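Engineer: Add 269 to the 1-based position in the sequence shown for this note's numbering, that's all there is to it.
For glycine and all other residues, C-beta sits at the position ideal for the given N, C-alpha and C.
Here the structure is a predicted model, which is why all the values come from computation and not from measurement.
Input: one structure, supplied below.
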Amino acid sequence: MTLRLSLGELEAAARKATRGAGYPWGLAEEAGRAARALAGIGLDGAELLARLLAEVAQRPHQPLAPAHLDGIWTAATGPLCPIRTGAVLCDLARALPEGGMALSRVLVPGLVLPFAADAARLRDAPVTLSWRGGIVGIGPEGLPRASGILKLAEVAEADLFLHPDGTALPAAPPWPRACAAPSAWQALQALAQRTYAPATEASRLTGAGAGAGDTD
270 MTLRLSLGEL EAAARKATRG AGYPWGLAEE AGRAARALAG IGLDGAELLA RLLAEVAQRP
330 HQPLAPAHLD GIWTAATGPL CPIRTGAVLC DLARALPEGG MALSRVLVPG LVLPFAADAA
390 RLRDAPVTLS WRGGIVGIGP EGLPRASGIL KLAEVAEADL FLHPDGTALP AAPPWPRACA
450 APSAWQALQA LAQRTYAPAT EASRLTGAGA GAGDTD
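This is the structure:
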């Protein structure tokens, strides 16, 4: 049974789960926004993020961040994390090369989509994201709902090509609620629990629970 959540609830859980998985808060914020943006066009942002965090947990010694940005973005070792890659993409959005660039071996590449939309917005011009078997034009107004995007969301790893040009599809009307697979939601909740400090006697006495003289 699919869970129905508010977009804000999903974003908050995704943010805390990403932080619980070891990402810094800034990137955790980006992950929350990405999950919400995907949910806003009807995709299961929780499931994509849970998949990514499970993959990252198996690669504790690989940075997964872009280390080489000359034409083909690659990590120093291993594949690229879409959250780390997306954050760099937004930082460089206004300076994308006219010929575009490749993103090599991106894990859970569907999570790059919100960052491609951010790049289009920052540039105030369309961008085209393509991969083996699909292509989608994304405009400054936001992500479209297209068959190519649905296919990319199912891919575990892919080489992507981003071109700062093309014809954008119309932005999708936002969905009012997020849909999440129960298993993905539970995985995010478990990771989010890591961000909560365990209660101590001092914290209980200062208000995080009943004090020693509270007999109610």
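If we count Cβ pairs, one from each stretch, closer than 8 Å, do we get three or more for the region 357-368 versus the region 379-389?
Structural biologist: The region 357-368 vs the region 379-389: in contact.
Engineer: Put I341 into one of helix, strand or coil per three-state DSSP.
Structural biologist: In this structure, I341 counts as strand in the three-state DSSP scheme.
Engineer: Find the nearest neighbour of A427 within the set P445, L372, I352, judged by alpha-carbon distance.
Structural biologist: Closest by alpha carbon: L372.
Engineer: Can you give the beta carbon distance from P378 to T436, rounded, assuming they're within the 8 Å contact cut?
Structural biologist: Contact doesn't hold; Cβ gap of about 21 Å is too wide.
Engineer: Ignore the nearest five residues each way along the sequence and tell me which others in P433's own chain have a CB closer than 6 Å to its CB.
Structural biologist: The answer, listed in chain order, is L365, V396.
Engineer: Can you find the residues in the same chain that come closer than 7 Å, C-beta to C-beta, to D393, ignoring five residues on each side of it along the sequence?
Structural biologist: Around D393: P409.
Engineer: Beta carbon of L349, beta carbon of A326: below 9 Å?
Structural biologist: Not closer than 9 Å, so no.
Engineer: Could you tell me which of I310, F430, V405 sits nearest to V375, measuring between CA atoms?
Structural biologist: Selected option, being the one with the closest Cα: F430.
Engineer: Using the rule of at least 16 other Cβ atoms within 10 Å of the residue's Cβ for burial, across every protein chain shown, is G340 buried or exposed?
Structural biologist: Under this definition G340 is an exposed residue.
Engineer: So, helix, strand or coil for R390, using DSSP?
Structural biologist: R390 falls in the helix class under three-state DSSP.
Engineer: With a floor of 3 residues, list each beta strand (DSSP E) that falls wholly inside the region 270-325, ordered by position along the chain.
Structural biologist: Segments of the beta strand (DSSP E) lying fully in the region 270-325: 272-275.
Engineer: Measuring only the C-alpha atoms, how far is A459 from L307?
Structural biologist: Each residue's Cα considered, the two are about 21 Å apart.
Engineer: Find the nearest neighbour of L318 within the set P329, V381, G417, I310, judged by alpha-carbon distance.
Structural biologist: Selected option, being the one with the closest Cα: V381.
Engineer: Helix or strand or just coil, what does DSSP make of T346?
Structural biologist: Looking at T346 - three-state DSSP - the assignment turns out to be coil, as it is neither helix nor strand.
Engineer: Going by C-alpha to C-alpha distance, which of I310, A290, R353 sits closest to R446?
Structural biologist: Minimum Cα distance to R446 is reached at I310.
Engineer: When you compare each of G301, L272, G295 to R284 by their alpha carbons, which one comes out closest?
Structural biologist: Closest option to R284, Cα to Cα, is G301.
Engineer: In three-state terms, what does DSSP make of T397?
Structural biologist: If DSSP states are grouped into helix, strand and coil, T397 belongs with the strands.
Engineer: Using only alpha-carbon positions, find the residue among K420, P383, L391 that is nearest to R401.
Structural biologist: Nearest C-alpha to R401: K420.
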